[in-house]
Amino acid sequence: MSEKASGEHQEERHRPDVLRRYRSASVQVNWEPQFCIHASNCWRNLPEVFKPRSVPWITPEAASADEIAWVVSACPTGALSYERLDGGPQEPAPPTTTIEPQPDGPVYVRGRLRITLPDGKVREATRAALCRCGASAHKPFCDLSHSRIGFRAD
Ligand code: SF4
Ligand code: FES
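The numbering of the sequence shown is this note's numbering, which starts it at -13 and goes up by one.
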């Protein structure tokens, strides 16, 4: 999510434990702002649906369920997920686990993930952006603190 975003998107950015749902006749998009960082894949790939300066910022009726499923699956943090309401395929679990460090930023992980949280709960997910700078206030997840501290991976 862009740090410059305004409106609902920016406001929700700071609220943990929020799950927002945006529904059309064919698909429901779920957004958990506590995991959303400056990845921006969603609005770069489907700007007619993901509009960080608008309220609501996600309008799933503006594209097909297939297009939305593709873009949501590209969200590296797992902040976005979807549920098909039209009988189409739900998001498949990745067949392999991949780990991709980002330049001077988090580690993107994809797979059948079971992430143990500080309170002992387990989050099951297929995508996550994990902190590797050590400064996140939302460990084990990245919260963009790497930008604030000027983290350098090398
Ligand atoms: S792609 Fe995911 S992490 Fe990036 S701005 Fe969109 S919802 Fe947030
Ligand atoms: S890598 Fe993003 S907060 Fe640590």
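Every residue gets a Cβ at the ideal spot worked out from N, C-alpha and C, and that includes glycine.
Taking 8 Å as the threshold (C-beta atoms), are residue j and residue i in contact?
i: L32; j: V57; result: yes
i: R9; j: P46; result: yes
i: F137; j: D90; result: yes
i: F21; j: A55; result: no
i: V93; j: I85; result: yes
Can you give me the Cβ contacts of residue i inside the same chain, cut-off strictly under 7 Å, excluding the 5 residues immediately before and after it?
i: S59; result: E77
i: R113; result: C61, P62, T63, G64, R96
i: E34; result: A48, A49
Once DSSP output is grouped into helix, strand and coil, what is the label at residue i?
i: W17; result: strand
i: E47; result: helix
i: R96; result: strand
i: S59; result: helix
Excluding the five sequence neighbours on either side, which residues of its own chain have a C-beta within less than 8 Å of the C-beta of residue i, listed in chain order?
i: N27; result: V57, A60, C61, P62
i: L103; result: R109, P126
Would you say residue i touches the ligand ADP, meaning its beta carbon is less than 7 Å from a heavy atom?
i: S59; result: The model on display carries the ligand SF4 and the ligand FES but not the ligand ADP.
CB-CB under 6 Å to residue i, same chain, minus the five flanking residues each way: which ones, in chain order?
i: A111; result: G64, L99
So, is residue i buried or exposed, given that buried needs 16 or more other C-beta atoms within 10 angstroms?
i: E(-11); result: Interpretation of E(-11) is limited by its pLDDT of 36, a score under 50 that renders its predicted location unreliable; the figure taken from the coordinates is listed afterwards. Exposed, by the Cβ-count rule.
**Report entry** Lining residues of the ligand FES - beta-carbon closer than 6 Å to any non-hydrogen atom, in sequence order
**Finding:** G91, P92, C117, R118, C119, A121, S122, C128, D129, L130, S131, H132
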